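Using UniProt numbering, you'd call the opening residue of the sequence shown number 1 and step up by one each time.
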Amino acid sequence: MTQVYNFAAGPAVLPAEVLRQVQSELISYKNSGMSIMEISHRSSLYTDMAFQAEADLRKLMNIPAEYDVLFLQGGATLQFALAPLNLANKYHKIAFADTGHWAQRAQEDGQLLSGYTTEVAASSKLSNYTELPSGIELAKNYDYLHLTMNNTIEGTMYKDLPYKGDVPVVGDLSSIILGQEYNVNDFGMIYAGAQKNIGPAGLTIVIVKHTLFEEAPELPAMFSYAKQAAKHSALNTPPVFAIYVAGLVFKWLLQQGGVSQMQRRNEEKAQLLYDYLDSSKLFSTPVTEKKWRSLTNIPFVTGDKAIDKRFIVQAQANNLLNLKGHRLVGGMRASLYNAFPRTGVEKLIEFMQKFEKAVG
Ligand code: PMP
């Protein structure tokens, strides 16, 4: 099999060990004679597996007991609507940090819900989202502040919370969850689509402080964190296969030394590429301020769209796949999630050096 390096932003590369394990137990899960996709979600084969996945995630992120861990569907995007419905009960008012595309999508969906108000508390629009707003101040009459902790398209990230007040923080960690250490206690809720740093699409992780949704009005079952929590995320058929693969990834992460070890490796990988970008005469990253640079999504450009295009085509031919930047910003983007190997970054830099020489 050809060795390729998959720089996709999501769905993204998974650990090879995990894929091999999936392969080895696909036909008969735990000698049941059935695959994990064919078993009942009411069977102990499923409940044991889901219970273990939650326990491992709790261990990896050091999640306190007063937080529920939910395994949901609908992607991170569904949480743009469910977080307001479940958490914005007192003031029906949500503050947003406008840090780019996904933060804006989250605000738009919140605003569409009747009876809720959304406000921009801070924005980095003026820097074209190459920086992030910090030192955010808020009045107390907001139910929560929404922060996109890692901006997948723009390549910026918060390593620390930019807000220290009493309003709970809801963090979209879709493209950084388990890749950088965060203190769960700093958040009222964390959510993330699985398909970047965790597993297959179809699973969304929600980590939410129980007291924050106790006052919510009764909601339809699939909208309700309270009902999902009461049924351990199995009030209807859960995405069994996605949860199973996520569980294997959690085990793999524990074996690798957990999130601190992942963060260390991610810092090393990112540093290699940023150092090269900073020294290159051809390539550069739009995120010039080091403190805002993402560990997992690194955008870069040559400044000439035709050369960018040529680079992407030639990289592809050299098994460096999915380097095309998001259609909104163009250029290139290298996503270096937990499962992305350091050798892939080294190969990319080698190729960029060669390309730079050839362009002259
Ligand atoms: N938030 C962020 C930060 C993202 O990167 C993405 C997906 N690229 C989303 C939300 C939307 O995720 P999903 O496709 O799981 O709805």
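Using N, Cα and C, we set each Cβ at its ideal position, and we do this for glycine too. In this text, all values refer to a predicted model and were calculated from it rather than measured experimentally.
In terms of DSSP beta bridges, what is residue i paired with?
i: F71; result: I205
i: K324; result: M332
i: T156; result: N151, R293
i: S284; result: V301
i: K93; result: T117
i: N6; result: L321
i: D98; result: S123
Less than 8 Å between the beta carbons of residue i and residue j, yes or no?
i: R42; j: F80; result: no
i: Y142; j: G100; result: no
i: Y225; j: D109; result: no
i: T204; j: S175; result: no
i: Y144; j: V167; result: yes
i: F7; j: A334; result: yes
i: M116; j: I136; result: The residue you asked about is not Met; residue 116 is Tyr in the sequence shown. Going by C-beta atoms, Y116 is not nearer than 8 Å to I136.
i: T296; j: N183; result: no
i: L85; j: F241; result: no
i: Q180; j: Q107; result: no
i: S28; j: I39; result: no
i: A194; j: T148; result: no
What does the alpha-carbon distance come out to for the pair residue i and residue j?
i: K196; j: L336; result: 10 Å
i: L348; j: V329; result: 21 Å
i: G75; j: A83; result: 13 Å
i: S294; j: Q314; result: 25 Å
i: F71; j: G199; result: 12 Å
i: A121; j: K90; result: 18 Å
i: A53; j: Y244; result: 8 Å
i: N319; j: F96; result: 39 Å
i: L112; j: P11; result: 28 Å
i: Q73; j: G202; result: 6 Å
i: Q21; j: K30; result: 12 Å
i: F213; j: M352; result: 49 Å
i: K324; j: M332; result: 5 Å
i: P162; j: N236; result: 37 Å
i: L277; j: M1; result: 31 Å
i: D48; j: D186; result: 30 Å
State the start and end residues of the unbroken beta strand (DSSP E) segment that holds residue i.
i: I298; result: 297-300
i: V170; result: 169-172
i: R333; result: 332-335
i: H146; result: 144-148
Rounded to whole angstroms, how far is the Cβ of residue i from the Cβ of residue j, which I believe are closer than 8 Å?
i: L178; j: V18; result: With a Cβ gap of about 13 Å, L178 and V18 do not count as contacting.
i: H232; j: E66; result: About 16 Å separates the two Cβ atoms, so there is no contact after all.
i: I312; j: V359; result: That pair is no contact at about 14 Å.
i: I298; j: T288; result: About 13 Å; that fails the 8 Å criterion.
i: L78; j: V170; result: Contact doesn't hold; Cβ gap of about 14 Å is too wide.
Starting from residue i, follow the alpha helix (DSSP H) in both directions and report where the run begins and ends.
i: L57; result: 44-61
i: V313; result: 305-317
i: S123; result: From DSSP, S123 is part of no alpha helix (DSSP H) but of the beta strand (DSSP E) over 117-123.
i: G193; result: Here G193 belongs to no alpha helix (DSSP H); instead the beta strand (DSSP E) covers 189-193.
i: V259; result: 258-279
i: F351; result: 342-359
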